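One structure is given here, and the rest of the page talks about it.
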Amino acid sequence: MRHKMPWVDRLKCDVAEVGESCKAAKHCPHAAFTVTWKPGDENGQYDILIDLERCRRCGECSHACDKFAVKMV
Ligand code: SF4
């Protein structure tokens with residue numbers, strides 16, 4: 024059986040504003056869901072990175088996101 028993986032709906036995700044306060048990242052027990060700073064030409068912004076090698080498909084990130092932006096698909 025194929026296990027579901029986290030997927031982020033970028034239209035709902037507000038990581039660009041909340042940055043390292045992202046609840047999904049804070050609640051990932053395997054440090055697979057992380058917030059990274061991406062430098063830009065003029066301004067940088069926060070983005071998320073999901074390391075699928077570390078991810079255990081537990082769904083904690085999906086439960087933790089209060090914007091309902093993280094889905095297990
Ligand atoms: S499914 Fe679990 S291990 Fe994978 S990114 Fe989400 S919280 Fe982390």
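Sequential numbering from 24 applies to the sequence shown in my numbering.
Where is the CB? At the ideal position from N, CA and C, for every residue including glycine.
Fair warning: this is a prediction, and the values are worked out from it, not measured in the lab.
Report the residue from the options whose alpha carbon sits nearest the alpha carbon of residue i.
i	options	result
F91	R33, T59, M28, P62	R33
K94	V41, E43, F56	F56
N66	V31, K27, R80, A39	A39
Applying the 10 Å Cβ sphere with the 16-neighbour rule, what's the burial state of residue i?
i	result
P52	exposed
P29	buried
V96	exposed
S85	buried
Do residue j and residue i count as a contact pair if the criterion is CB distance below 8 Å?
i	j	result
C78	K46	no
H50	E76	no
R80	K35	no
Exercise for review: For ligand 1, enumerate in chain order all residues having a CB closer than 6 Å to any of its heavy atoms.
Suggested key: P29, C51, H53, A55, F56, I73, C78, R79, R80, C81, G82, E83, C84
**Study point:** Entirely enclosed alpha helix (DSSP H) segments - the stretch 36 to 73, minimum 4 residues
**Key:** 38 to 41, 46 to 50
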